[in-house]
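Undergrad: Sequence order for the protein chains is Y and W.
The working numbering numbers the first residue of the first sequence as 1 and each following residue consecutively.
The working numbering numbers the first residue of the second sequence as 1001 and each following residue consecutively.
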Amino acid sequence: MRYLDEYRDPVLARALLAELAQVTTRPWTLMEVCGGQTHTIVRQGIDELLPGGIRMIHGPGCPVCVTPLEILDQAMAIAQRPGTILASFGDMLRVPGSHTDLLSLRARGADVRVVYSPMDAVDIARRSPQRQVVFLAVGFETTAPANAMAVLHAAELGLTNFSVLVSHVLVPPAMTAVLTAADCRVQGFLAAGHVCAVMGWTEYEPLAATFRVPIVVTGFEPLDLLEGILMAVRQLEQGRHEVENQYARAVRRHGNDEAQRAIRRVFRVTDRTWRGIGTIPASGLALTGEFAALDAQRRFGVGRLTAREHPDCVAGDILTGTKTPLDCAAYGTRCTPRTPLGAPMVSAEGTCAAYHSAGRRRPATSRAAR
Amino acid sequence: MCLGIPGLITEVEPVDGLRTATVDFGGVRKRVCLAYTPAAGPGDYVIVHVGFAISVVDAAEAERTLAVLRAMDGVLEQELNP
Ligand code: SF4
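Listed below in structure tokens is the structure:
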């Protein structure tokens, strides 16, 4: 297909790798922020093809992985109420909460529905006026415009049986958290191309300047990733630390105005807890006062629930890049995509699931830890 | 959930007052909301996330990126087989 196949051309990939080998004189450590990029890198084995010394650390950009346990427990409490329908993106269903997951609840009779778009949840509400429909609105800046439109549309239709359980997260504060961590080894970033398609990249300019790190807005196909890595390494070799845009076909400097306007109307910035990482100031979105009536947390009084992670799961270290899945004792044995102990083993964007589906095994530890 | 993919707009029609497109993803067709890409129309490629087009693919920029990569390949070829 156009705009996909051209960016998977193995001949050009080899040319990029050769160029990269030529410009690299020292070891460098880069982080790809987005789980979609992690998926491509691990699946195509790009990290293993890079010239010696260039190391990719996988970032926290998996929305399923960072959605806090409390929100999942709240969603499950709501799903168990008679007369409610809980709608969610498919990959949230198997994420383990403190006690169970949404898929198991569904098997036991709860009405849990998978939707492709949040607008489908609005449709369900319209067609089932006697039921309460709750949409689990999670994700990064990429899903925020869609979730904002669902709220705006439901309000416009005057639906009183639709609400959203919001746990949105924002990328730049997470990058700041990575950079300010005591053991940070990241020297440059591949920024998430689609987040920037919505938000633009001006937010990253102060980050690049303050922390003196190159940040390259990067796409998701193998050639995009290789070119993004090359651009970041060139900057590092030349002692530059700027924001550059590899993904010019989809990303403009100021992003998407219409989408940002809708996000600002429906959501306000708030502190958020990231699963496995902890609370990051001003790192998430919550509903603005104008739409407080559509807040499922209020409507169903599920505000405070205590939550407990599986003791063996080291998801926090995986998400901040201080460990790889191969360092986790449960990886591939007690924790597999069929029986996930932690969120990173669930979604295709999760690092543990990406490693597992690429068949990465523990003997590779020495290589991964080089 | 976060994997956005490009698709080709084949048709546009209003649904519930929102501009809505039929988008072809290499054979799979889906309905996509164009509220955030008001200028997009049939024949345009858009990047779609959870049912919403968030960006129109800029064909000229796409060509430019590929031209840079092909030039790199050309230089390499010359160096390897002078
Ligand atoms: S392999 Fe499983 S238990 Fe280990 S960190 Fe990943 S999700 Fe957690």
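Cβ atoms here follow ideal geometry from the backbone N, Cα and C, with glycine treated the same way.
It should be emphasised that the depicted structure is a prediction, and the values quoted were computed from it without experimental measurement.
How about Met76(Y): is its Cβ closer than 7 Å to a heavy atom in ligand 1?
TA: Met76(Y) Cβ: outside cutoff for every heavy atom of ligand 1.
Undergrad: Does the distance from the C-beta atom of Gln80(Y) to that of Leu105(Y) stay below 8 Å?
TA: Yes, Cβ-Cβ distance for Gln80(Y) and Leu105(Y) is below 8 Å.
Undergrad: How about Asp1044(W): is its C-beta nearer than 8 Å to some C-beta of chain Y?
TA: Judged by the 8 Å Cβ criterion, Asp1044(W) is not in contact with chain Y.
Undergrad: Would you mind working out which of Gln297(Y), Leu159(Y), Leu179(Y) and Asp9(Y) sits nearest Ile215(Y), comparing C-alpha positions?
TA: Here the closest residue by C-alpha is Leu179(Y).
Undergrad: For a quick check, are the C-beta atoms of Gly46(Y) and Leu226(Y) less than 8 Å apart?
TA: Reading off the sequence, residue 46(Y) comes out as Ile, not Gly. Contact: yes.
Undergrad: Per DSSP, which one or two residues make a beta bridge with Gln132(Y)?
TA: DSSP output for Gln132(Y) lists Thr84(Y) as bridge partner(s).
Undergrad: Assuming contact is defined by CB atoms lying nearer than 8 Å, are Ala197(Y) and Gly284(Y) in contact in what I supplied?
TA: No.
Undergrad: Sorted by chain position, which residues of the same chain lie with C-beta nearer than 8 Å to Glu19(Y)'s C-beta, five sequence neighbours on each side aside?
TA: Answer for Glu19(Y): Leu230, listed in chain order.
Undergrad: Would you identify the three-state DSSP class for Tyr116(Y), choosing helix, strand or coil?
TA: Three-state result, Tyr116(Y): coil.
Undergrad: His168(Y) by DSSP, collapsed to three states: which one?
TA: Strand.
Undergrad: For the segment 151-228 of chain Y, list the beta strand (DSSP E) runs that are entirely contained and at least 3 residues long, ordered along the chain.
TA: Counting whole runs of 3 or more residues, the segment 151-228 of chain Y contains the beta strand (DSSP E) stretches 162-169, 188-192 and 215-218.
Undergrad: Can you tell me whether Cys34(Y) sits near ligand 1, meaning its C-beta is under 7 Å from at least one heavy atom of the ligand?
TA: Checking every heavy atom of ligand 1 against the Cβ of Cys34(Y), none is found closer than 7 Å.
Undergrad: Along the chain, where does the beta strand (DSSP E) containing Met76(Y) start, and where does it finish?
TA: Here Met76(Y) belongs to no beta strand (DSSP E); instead the alpha helix (DSSP H) covers Leu69 to Ala79.
Undergrad: Return yes when the Cβ of Ala232(Y) is within less than 8 Å of the Cβ of Gly193(Y), no when it is not.
TA: Contact: no.
Undergrad: What is the rounded straight-line gap between the Cα of Asp1044(W) and the Cα of Thr1037(W)?
TA: The alpha-carbon atoms of Asp1044(W) and Thr1037(W) are separated by roughly 11 Å.
Undergrad: Closer than 7 Å: is that where the CB of Cys352(Y) sits relative to any heavy atom of ligand 1?
TA: Yes; taking the cut-off as 7 Å, the Cβ of Cys352(Y) has a heavy atom of ligand 1 nearer than that.
Undergrad: Near Phe135(Y), which residues of its chain fall below 6 Å by C-beta distance, leaving aside the five closest residues on each side in sequence?
TA: Contacts found: Ala87, Pro118, Ala121 and Val164.
Undergrad: List the residues of chain W whose Cβ lies closer than 7 Å to the Cβ of Arg249(Y), in chain order.
TA: What Arg249(Y) touches in chain W: Val1057, Asp1058, Glu1061, Ala1062 and Thr1065.
Undergrad: Extract the residue ranges of the alpha helix (DSSP H) inside the segment 24-71 of chain Y, only unbroken runs of 4 or more that lie entirely within it.
TA: 35-43, 46-49 and 63-66, all fully within the segment 24-71 of chain Y.
Undergrad: In the DSSP assignment, find the unbroken alpha helix (DSSP H) run with Tyr355(Y) in it and report its ends.
TA: From DSSP, the alpha helix (DSSP H) with Tyr355(Y) extends over Thr351 to Ser357.
Undergrad: Can you tell me the Cα-Cα spacing of Leu102(Y) and Ile71(Y), whole angstroms?
TA: Answer to the nearest angstrom: the Cα atoms are 12 Å apart.
Undergrad: Can you give the beta carbon distance from Phe89(Y) to Val66(Y), rounded, assuming they're within the 8 Å contact cut?
TA: The pair is not a contact, with the Cβ atoms about 14 Å apart (cut-off 8 Å).
Undergrad: With distances taken between CB atoms, is the gap from Arg253(Y) to Thr202(Y) smaller than 8 Å?
TA: Against a cut-off of 8 Å, the Cβ pair of Thr202(Y) and Arg253(Y) comes out as a contact.
Undergrad: For Pro340(Y) and Asn147(Y), I'd like the C-alpha separation in whole angstroms.
TA: Cα to Cα, the separation comes out at about 27 Å.
Undergrad: Following a CB-centred definition, is Gly342(Y) positioned closer than 7 Å to any heavy atom of ligand 1?
TA: True, at least one ligand heavy atom lies under 7 Å from that Cβ.
Undergrad: Using 10 angstroms around the beta-carbon of Arg2(Y), count the other beta-carbons present and answer buried if the total reaches 16, otherwise exposed.
TA: It counts as exposed.
Undergrad: Strictly under 8 Å for the Cβ-Cβ distance: is Pro1038(W) near chain Y by that measure?
TA: Judged by the 8 Å Cβ criterion, Pro1038(W) is in contact with chain Y.
Undergrad: Measuring only the C-alpha atoms, how far is Thr84(Y) from Ala177(Y)?
TA: Cα-Cα distance, rounded: 37 Å.
Undergrad: Candidates Ala75(Y), Pro82(Y) and Arg113(Y): which alpha carbon is nearest Gly97(Y)'s?
TA: For the residues Ala75(Y), Pro82(Y) and Arg113(Y), the minimum Cα distance to Gly97(Y) belongs to Ala75(Y).
Undergrad: With a threshold of 8 Å on Cβ separation, who are the neighbours of Ala155(Y) within its own chain once the five nearest residues in sequence on each side are excluded?
TA: Correct list, in chain order: Phe291 and Leu294.
Undergrad: Would you report the Cα separation of Cys1033(W) and Thr333(Y), rounded to the nearest angstrom?
TA: If I take the Cα positions, the gap works out to 42 Å.
Undergrad: Just verifying my parser: in three-state terms, what is the DSSP assignment at Gly109(Y)?
TA: Of the three classes helix, strand and coil, the one that applies to Gly109(Y) here is coil, per DSSP.
Undergrad: Using a C-beta to C-beta distance shorter than 9 Å, which residues of chain W count as neighbours of Asn256(Y)?
TA: In chain order: Tyr1036, Thr1037, Ile1054 and Ser1055.
Undergrad: Does Ile1047(W) have its Cβ less than 8 Å from a Cβ in chain Y?
TA: Chain Y, which has a Cβ nearer than 8 Å to the Cβ of Ile1047(W), makes this yes.
Undergrad: Going by C-alpha distance, which of Val266(Y), Arg261(Y) and Glu205(Y) is nearest Glu244(Y)?
TA: Comparing Cα positions, the closest option is Glu205(Y).
Undergrad: Keeping to the same chain, check which residues put their C-beta closer than 6 Å to that of Ala1035(W); ignore five residues upstream and five downstream.
TA: Closer than 6 Å at the Cβ level, and outside the excluded window around Ala1035(W), lie Leu1018.
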